[in-house]
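Chemist:
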Amino acid sequence: MFKSILKNSFFKEYNLLQTTSLLYISIPTIIFLIGWLKPIYSIPLVLLIILGLYFSIKSAWNFSFISPSESIHKEKPKLINNPLFFHLFALILVVISVLYSGVGGFAIQDADYMKHNGFFLDLTKYSWPLAYENTGVDDAPRILNTYLAYYLPSALLGKLFGFSFAYFFSFIWVCLGLYLTLIWVSQFVSKKSIFYLLIFMFFGELAYFGWLKYFPNISMYGKNINYANWMFFYSMKSEFLKGVFWILGSNHTFLSNGPHHMFPSWICILMVFHDAVIRKNINRIGFIFSFVPFVSAFMAIGLAPFVLLAAIQNKFKNTFTFQNIIIAPLLIIIAGLFLTSNNVQFERGWIWNFVNIRDAIKYLFIFFLLGFGLYFLIMPKKKTNFHDGAMLPWLYSAVGCIVFFSFYRIGLYMDFPLKAYNPSWIIFQVCVISSISYSKTRLEYVRSSFVILLLIIASFGALSNFKYASDNKLSMHRVNEENTMHINKIGPKERSGALFSDGNSFFWKVLAKKPTYTKN
7 MFKSILKNSF FKEYNLLQTT SLLYISIPTI IFLIGWLKPI YSIPLVLLII LGLYFSIKSA
67 WNFSFISPSE SIHKEKPKLI NNPLFFHLFA LILVVISVLY SGVGGFAIQD ADYMKHNGFF
127 LDLTKYSWPL AYENTGVDDA PRILNTYLAY YLPSALLGKL FGFSFAYFFS FIWVCLGLYL
187 TLIWVSQFVS KKSIFYLLIF MFFGELAYFG WLKYFPNISM YGKNINYANW MFFYSMKSEF
247 LKGVFWILGS NHTFLSNGPH HMFPSWICIL MVFHDAVIRK NINRIGFIFS FVPFVSAFMA
307 IGLAPFVLLA AIQNKFKNTF TFQNIIIAPL LIIIAGLFLT SNNVQFERGW IWNFVNIRDA
367 IKYLFIFFLL GFGLYFLIMP KKKTNFHDGA MLPWLYSAVG CIVFFSFYRI GLYMDFPLKA
427 YNPSWIIFQV CVISSISYSK TRLEYVRSSF VILLLIIASF GALSNFKYAS DNKLSMHRVN
487 EENTMHINKI GPKERSGALF SDGNSFFWKV LAKKPTYTKN
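7 is the number of the first residue of the sequence shown in this note's numbering; add one for each residue after it.
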């Protein structure tokens, strides 16, 4: 009987996908709660999460969706789209993409890895919560207070098996997360095809070429490993831009620059989207969303409008479940109390407080046009271009959110819009890919072909990462304890000080374990 259940239920693709994904998105938060909170708070919360996982898995058990094309066309799949070949290719694509991103230290790394590597080192060596006797501009004692979820599964293993093993496991962890992401993307198309996985992995914006026009001395394959870096550099130098710039970027660029924001956020985004428009049951979307703030505060803000859209679109049916109205709010409150305990006062405001909006508007218009506008204008947008017209409000909402978030700034740079509209950008991409996959008429094929042509051109943003990694040779930039700097000593003290709290908050005084301060 047990074997029959495994064969007929657990190993059904959707059951395996949703179960693995729910474990993947929840494990970092569970580790955080155990490592940072007093047992009187962490134990009940972890038990609640386990209960929420049970309800969430059970609610979607044996869900199946047959796309219109699959129900009409019953022919035997070609070898290239055979299920085994499909998953094997997805895995190969994932490994190569992560290998060339800098994750795991196999390729040259983005400048932010000074910080990432510091997190890995200190999380493996010192007791949790992390705290330092001397840091910041005044060398005062402070507690590390920033989002850490991405690092924790690897760091926990590092405590047992050492820093080198932890760092290698970070490569495995990201590969698993990206693989699950690609399989979720495949749930939105008319048929499983490696073609759509390639589109997603190399999906990028044409604004890359728009900025080249304004900064002609930038090489197509510039000195920095990714697009975000050189845009930051030139925007800071520009008398006009004064640090204000906008980037949607390519998915591989984001993988190279911000894996700590992506995993498991991308999986959460796609699960919320899938539950709302395909499974049409939102009995766990709040629960899924509640793990995102532990990974990335700005991406949680960017995903929040879509959680609301899902509830409205489904007329709040099945919204008020135990995991949505009890567990999710508790986790969101814990994450909020932790993140707001950071003492840094971030510069914030609408962009017209920083630049002349009359001058900026033409650049912003070109960014909108080349970032997503051409794709949006050309792509087929009939209900029949998706498996269900329920996706259309998500497409228009994604465009609206990208436009809105572009006008606000938090911090010294434009980190807020870059992170906050990433959920919109991922949803937009999935809508474009779905539209292409469901094209039926000659006109729709022509429009989809133009979109694909633009995507091929835009893939230069991602390909530049691969070329730069190849030029610098793989495996030449190995990361170890000797060449890794402690997190409280990275860069200027003003920068490192932005990661800390003085401990005088409700979270640190009431909820958290008492930290042990290290002298390093």
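The beta carbon of each residue, even a glycine, is placed where N, CA and C say it ideally should be.
(1) Tell me, please, whether the region 22-36 touches the region 270-285 by the rule of three or more beta-carbon pairs shorter than 8 Å.
(2) Under 8 Å: do the region 159-172 and the region 424-435 share three or more Cβ pairs, one atom per stretch?
(3) Taking just the CA atoms, how far does K479 sit from A282?
(4) Look up T141 in the DSSP assignment and give the residues it is bridged to.
(5) Give me the Cα-Cα distance between G142 and L375, rounded to the nearest whole angstrom.
(6) Please classify L461: is it buried, with 16 or more other beta-carbons within 10 angstroms of its beta-carbon, or exposed?
(7) Does the distance from the CB of R290 to the CB of S65 come in under 8 Å?
(8) Three-state secondary structure (DSSP) at E76?
(9) Measure the C-alpha to C-alpha separation of K323 and A310 and round it to an integer number of angstroms.
(10) Residues in its own chain within less than 7 Å of Y119 by CB, not counting five upstream and five downstream?
(11) Select from A306, S302 and H266 the residue whose C-alpha is nearest the C-alpha of G124.
(12) When you compare the CB positions of Y185 and F472, do they come within less than 8 Å of one another, or not?
(13) Any idea which residues DSSP pairs L43 with across the strands?
(14) Apart from the five residues just before and just after S511, which ones in its own chain have a Cβ nearer than 6 Å to its Cβ?
(15) Quick check: the Cα distance between C407 and W252, rounded to an integer number of angstroms?
(16) With distance defined between alpha-carbon atoms, name the residue in I439, A464, I284 and T152 nearest to F513.
(17) Among N362, F506 and S103, which has the Cα closest to the Cα of L203?
(18) Which same chain residues end up closer than 8 Å to E353 when comparing Cβ atoms and leaving out the 5 residues on each side of it in sequence?
(19) Using the three-state DSSP reduction, which class does F352 fall into: helix, strand or coil?
(20) Which residues share a DSSP beta bridge with I416?
(21) What residue range does the alpha helix (DSSP H) around G164 cover?
(22) Return the chain-ordered list of same chain residues with a C-beta closer than 8 Å to the C-beta of D421, the five sequence neighbours on each side being excluded.
(23) Thinking C-beta only, is I439 closer than 8 Å to V191?
(24) By DSSP's criteria, T524 is part of a beta bridge. Which residues make up the other side?
(25) So who's on the other strand from F506, going by DSSP bridges?
(26) Find out if the Cβ-Cβ distance for the pair A468, T325 is shorter than 8 Å.
(27) Using CA coordinates, which residue listed in G292, V301, S441 and N359 is at the minimum distance from I37?
(28) For the candidate residues L97, A334, S412 and F177, whose alpha-carbon lies nearest to that of L59?
(29) Compare the Cα-Cα distances from I318 to each of F344, V298 and N287 and report the closest residue.
(30) Can you check which of these residues, I363, A396 and L54, is closest to S296 by C-alpha distance?
(31) Just to confirm before moving on: does the CB-CB distance between G342 and P386 stay below 8 Å?
(32) Could you say which of F373, S70, S256 and A404 lies nearest to V534 if we only look at CA atoms?
(33) So what's P265 in DSSP terms, helix, strand or just coil?
(34) What first and last residue would you give for the alpha helix (DSSP H) that runs through Q435?
(35) Can you find the residues in the same chain that come closer than 8 Å, C-beta to C-beta, to L136, ignoring five residues on each side of it along the sequence?
(36) When we look at the beta-carbon of T35 and count the other beta-carbons within 10 Å, is it buried (16 or more) or exposed?
Modeler: So, from the data block:
(1) As far as the Cβ criterion goes, the region 22-36 touches the region 270-285, which means the pair count is three or higher.
(2) With the cut-off at 8 Å, the region 159-172 and the region 424-435 do not touch.
(3) Each residue's Cα considered, the two are about 44 Å apart.
(4) Answer by DSSP bridge pairing, in chain order: A146.
(5) When rounded, the separation of the alpha-carbon atoms in G142 and L375 is 42 Å.
(6) Answer is buried; the Cβ neighbour count reaches 16.
(7) Cβ distance < 8 Å, so R290 and S65 count as in contact.
(8) Note that E76 has pLDDT 48, beneath the 50 cutoff, so the model's placement of it is unreliable and the number below is only indicative. Looking at E76 - three-state DSSP - the assignment turns out to be helix.
(9) Distance between the alpha carbons of K323 and A310: 18 Å.
(10) A distance below 7 Å between beta-carbons, with the five flanking residues on each side excluded, links Y119 to the following residues of its chain, in chain order: G108.
(11) For the options A306, S302 and H266, the alpha carbon positioned closest to that of G124 is the one of H266.
(12) Cβ atoms of Y185 and F472: not closer than 8 Å.
(13) Looking at the DSSP assignment, L43 forms a beta bridge with A518.
(14) If you ignore the 5 residues before and after S511, its C-beta comes within less than 6 Å of the C-beta of S347, all in its own chain and listed in chain order.
(15) Here the alpha carbon of C407 sits roughly 14 Å from the alpha carbon of W252.
(16) Answer by Cα proximity: T152.
(17) Put simply, of N362, F506 and S103 the residue whose alpha carbon is nearest the alpha carbon of L203 is S103.
(18) In the same chain as E353, and ignoring 5 residues on each side of it, the C-beta atoms closer than 8 Å to its own belong to R415, I416, G417 and L418, in chain order.
(19) The DSSP-derived three-state label of F352 is coil.
(20) Under DSSP, I416 forms a beta bridge with R354.
(21) Segment L158 to F167, the alpha helix (DSSP H) holding G164.
(22) Closer than 8 Å at the Cβ level, and outside the excluded window around D421, lie F304.
(23) Yes, they are a contact pair.
(24) In the DSSP output, where bridge partners are listed per residue, T524 has Y138.
(25) DSSP output for F506 lists L150 as bridge partner(s).
(26) Cβ distance not < 8 Å, so A468 and T325 don't count as in contact.
(27) Across the set G292, V301, S441 and N359, the C-alpha of V301 shows the shortest separation from the C-alpha of I37.
(28) The residue from L97, A334, S412 and F177 with its alpha-carbon nearest to that of L59 is A334.
(29) Of F344, V298 and N287, the smallest CA-CA separation from I318 is found for N287.
(30) Closest by alpha carbon: L54.
(31) Remark: C-beta atoms of G342 and P386 do not approach each other more closely than 8 Å.
(32) Nothing about residue 534 can be read from this structure; the chain reaches only from 7 to 526.
(33) DSSP places P265 in helix when its eight states are reduced to three.
(34) Unbroken alpha helix (DSSP H) run through Q435: N428 to S443.
(35) If you ignore the 5 residues before and after L136, its C-beta comes within less than 8 Å of the C-beta of D128, L129, I149, L150, I493, P521 and T524, all in its own chain and listed in chain order.
(36) Classification of T35: buried, given that the 10 Å Cβ count is 16 or more.
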